[in-house]
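>
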Amino acid sequence: MTMPERDEPTGSLVRPYAVTRGRTRPKLEIALEALVETTVRGRSGIRGSQGGSEHQYIAAMCDGGRVQSLAEIAARMQLPLGVARVIVADMATDGLVAVYEPTSLEDETDAVGTELLERVLSGLRRL
-6 MTMPERDEPT GSLVRPYAVT RGRTRPKLEI ALEALVETTV RGRSGIRGSQ
44 GGSEHQYIAA MCDGGRVQSL AEIAARMQLP LGVARVIVAD MATDGLVAVY
94 EPTSLEDETD AVGTELLERV LSGLRRL
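If you count by this note's numbering, then the sequence shown holds residues -6 to 120, one letter each, in order.
And the structure:
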């Protein structure tokens, strides 16, 4: 008995990982909320033979001041987050996009972190 056609796996289930050549680990660790912007090199380099349609789509999406988070890129492209992370990391390594990692409170002094928390608490109390 053969499987009904609708139950057979589609190419879209395999294709995203084919784009990354089966890699699941990115060359760079990129946070989910990291912002991505197309570089000058990315604007000119993508139009040539470098990169596939995914690279072109990301470059267009993040160009002209339209900075996007890694999560937004994955959602708009309907790709698993891991696949989007590998593609964006490859593009960053090639200098086609700039990745701006979020700053953490750990990077700042305790005084600044405490001051911010006190202002937030004060604002909440006024509500």
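Glycine included, each C-beta is placed from N, C-alpha and C at the ideal position.
Starting from the C-beta of Ala77, find all residues in its chain whose C-beta is less than 7 Å away, skip the five residues before and the five after it, and write them out in chain order.
Leu63, Ile66, Ala67 and Met70, listed in sequence order.
> Nearest-angstrom Cα distance between Leu114 and Arg34?
In a straight line, the C-alpha of Leu114 is about 44 Å away from that of Arg34.
> Go ahead and pull the three-state DSSP assignment for Thr31.
Strand, per DSSP.
> Under a three-way DSSP split, which group does Gln49 fall into?
Three-state result, Gln49: helix.
> Which two residues bound the contiguous alpha helix (DSSP H) that contains Ala67?
First-last of the alpha helix (DSSP H) with Ala67: Leu63 to Met70.
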